[in-house]
Amino acid sequence: MKIFIDSADLAEIRDAAQMGVIDGVTTNPSLVAKTGKPMKETIAAICEIVDGPISAEVIAMDTDGILKEGRELAKMHKNIVVKVPLVADGLKAVKIFTAEGIKTNVTLCFSASQGLLAAKAGATYISPFVGRVDDISGEGMQLVEQLVTIYRNYDLATEVLAASIRHPLHVVQAAEIGAHVATIPLKVIHQLLKHPLTDAGLATFLADAKKIPAKA
Ligand code: E4P
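When we follow our numbering, the leftmost residue of the sequence shown carries the number 1, and every step to the right adds one.
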């Protein structure tokens with residue numbers, strides 16, 4: 001499973017990139033707003049840090065507006081993936097982007113039926129929002145499983161990108177199910193790494209290392 005970092009914060013993206021564990025980046029307007037920097041400046045800087053798919057979201061809600069914004073974003077860098085909302089006008093734009101060779105990430109997916117239509121329209125990625133489904137007492141991971149099954153049943157090329165990941169178990173479950181990608185906040189990437197037995201083992205090794213005589 002590929003791992004993307006879900007962030008627009010350059011320091012966070014650098015941290016994850018230096019560990020060598022990320023294959024790409026997803027952003028959204030809320031994440032970019034947190035940086036306090038303009039959208040294009042932020043996306044351009046991210047493209048300098050990570051050589052992999054970088055999702056940048058359009059703000060327009062109508063097909064013409066989405067196409068205009070998406071084409072401008074796609075022109076910025078070869079790795080840009082245009083993030084498009086899962087509404088009818090968005091799917092119309094996805095169909096055209098696909099014909100133009102522009103990659104898309106269809107976002108805000110909350111049902112298998114939505115995901116099926118996004119794949120039919122030619123989406124490169126579909127983003128089921130696992131954590132937000134869990135937040136309303138649903139089973140977000142079930143949606144990932146449904147999408148993986150449906151796409152596999154019909155050889156649909158769209159990749160399932162598990163999004164709105166809240167904790168390490170989400171990541172492990174997405175990998176077990178066979179999601180193509182999980183986009184993960186930096187905090188969860190660090191949580192994935194942590195294990196108390198690693199820390200305890202390391203402390204013992206370091207303590208014992210001090211007991212080793214320098215000379216025979
Ligand atoms: C990713 O593409 C989404 O924008 C993101 O994962 C949403 O996560 P949230 O539900 O934690 O805001």
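C-beta atoms are modelled at their ideal positions from N, C-alpha and C, and glycine is treated no differently.
Exercise. Between Leu169 and Ala121, which are expected to be in contact by the criterion C-beta below 8 Å, what is the C-beta distance as a whole number of angstroms?
Worked result: Against the sequence shown, residue 169 aligns to sequence position 169. Against the sequence shown, residue 121 aligns to sequence position 121. So it is not a contact: roughly 31 Å between Cβ atoms.
Exercise. Between which two residues does the beta strand (DSSP E) containing Asn105 stretch?
Worked result: Stepping through the sequence shown from its first residue, residue 105 is reached at position 105. Element bounds for Asn105: Thr104 to Cys109.
Exercise. Sorted by chain position, which residues of the same chain lie with C-beta nearer than 8 Å to Ile46's C-beta, five sequence neighbours on each side aside?
Worked result: By 1-based counting over the sequence shown, the position of residue 46 is 46. Hits under 8 Å: Ala8, Leu10, Ile13, Val25, Thr27 and Ile54.
Exercise. Can Ala60 be considered in contact with the ligand E4P, in the sense that its beta carbon sits closer than 8 Å to one or more heavy atoms?
Worked result: Position 60 of the sequence shown, counting from 1, holds the residue named residue 60. Relative to the ligand E4P, Ala60 has its C-beta separated by 8 Å or more from all heavy atoms.
Exercise. Counting pairs of Cβ atoms below 8 Å between the segment 176–184 and the segment 159–166, do you hit three or more?
Worked result: At 8 Å Cβ cutoff, the stretches touch.
For this session: Inspect the beta-carbon positions of Phe110 and Val133 and report whether they are closer than 9 Å.
Result: Here residue 110 is taken as the residue at index 110 of the sequence shown, counted from 1. Here residue 133 is taken as the residue at index 133 of the sequence shown, counted from 1. Taking C-beta atoms as the reference points, Phe110 and Val133 count as a pair closer than 9 Å.
For this session: Name the two residues that bound the continuous alpha helix (DSSP H) containing Val148.
Result: What you label residue 148 is simply residue 148 of the sequence shown in a count that begins at 1. For Val148, the uninterrupted alpha helix (DSSP H) run begins and ends at Gly140 to Asn153, by DSSP.
Exercise. Is the closest heavy atom of the ligand E4P to the C-beta of Leu161 under 8 Å?
Worked result: Walking along the sequence shown from the start, residue 161 turns up at place 161. Leu161: yes, Cβ under 8 Å from the ligand E4P.
Exercise. Cα separation between Gln146 and Pro185?
Worked result: On the sequence shown, position 146 is the one that residue 146 refers to. On the sequence shown, position 185 is the one that residue 185 refers to. For Gln146 and Pro185, the distance between alpha carbons rounds to 23 Å.
Exercise. Looking only at its own chain, which residues have a Cβ that is under 8 Å from the Cβ of Ala118, when we skip the five neighbours before and after it?
Worked result: Start at 1 with the first residue of the sequence shown, and residue 118 comes out as number 118. Here Ala118 has Leu86, Leu91, Val94, Val106, Cys109, Ile126 and Thr158 as same chain residues with Cβ atoms under 8 Å from its own Cβ, once five neighbours each way along the sequence are excluded.
Exercise. Rounded to whole angstroms, how far is the Cβ of Val32 from the Cβ of Thr42, which I believe are closer than 8 Å?
Worked result: Here residue 32 refers to the residue found at position 32 when the sequence shown is read from its first residue. Here residue 42 refers to the residue found at position 42 when the sequence shown is read from its first residue. With 8 Å as the limit, Val32 and Thr42 qualify as a contact, their Cβ atoms being about 5 Å apart.
For this session: Measure from the alpha carbon of Arg152 to the alpha carbon of each residue in Ala203, Leu116 and Val172, then state which is nearest.
Result: Within the sequence shown, the letter at position 152 stands for residue 152. The shortest C-alpha separation from Arg152 is found at Leu116.
For this session: State the DSSP-derived secondary structure class of Pro213, mapped to helix, strand or coil.
Result: By 1-based counting over the sequence shown, the position of residue 213 is 213. Here Pro213 sits in coil by DSSP.
Problem set entry | For Gly201: DSSP bridge partner residues | Indexing the sequence shown from 1 puts residue 201 at position 201. In the DSSP output, where bridge partners are listed per residue, Gly201 has none listed.
Exercise. Opposite Val25 in the DSSP bridges: which residues?
Worked result: Walking along the sequence shown from the start, residue 25 turns up at place 25. Answer by DSSP bridge pairing, in chain order: Ile5 and Ile54.
Problem set entry | Contiguous alpha helix (DSSP H) assignments of at least 4 residues, all confined to the segment 164–192 | Given a length threshold of 4 residues, each whole run of the alpha helix (DSSP H) inside the segment 164–192 is given here in chain order: 168–177.
Exercise. Any heavy atom of the ligand E4P closer than 8 Å to the CB of Asp6?
Worked result: On the sequence shown, residue 6 is found 6 positions in, with the first residue counted as 1. Proximity of the beta carbon of Asp6 to the ligand E4P is indicated: a heavy atom of the ligand is located closer than 8 Å.
Exercise. Is Ile96 near the ligand E4P, in the sense that its beta carbon is under 8 Å from a heavy atom of that ligand?
Worked result: Taking the sequence shown and counting its residues from 1, one reaches residue 96 at position 96. Checking every heavy atom of the ligand E4P against the Cβ of Ile96, none is found closer than 8 Å.
For this session: Along the beta strand (DSSP E) that carries Ile126, what are the first and last residues, could you check?
Result: By one-based count along the sequence shown, residue 126 stands at place 126. Segment Tyr125 to Pro128, the beta strand (DSSP E) holding Ile126.
Exercise. Is the closest heavy atom of the ligand E4P to the C-beta of Asn153 under 8 Å?
Worked result: Counting from 1 along the sequence shown, the entry for residue 153 is found at position 153. False, no ligand heavy atom lies under 8 Å from that Cβ.
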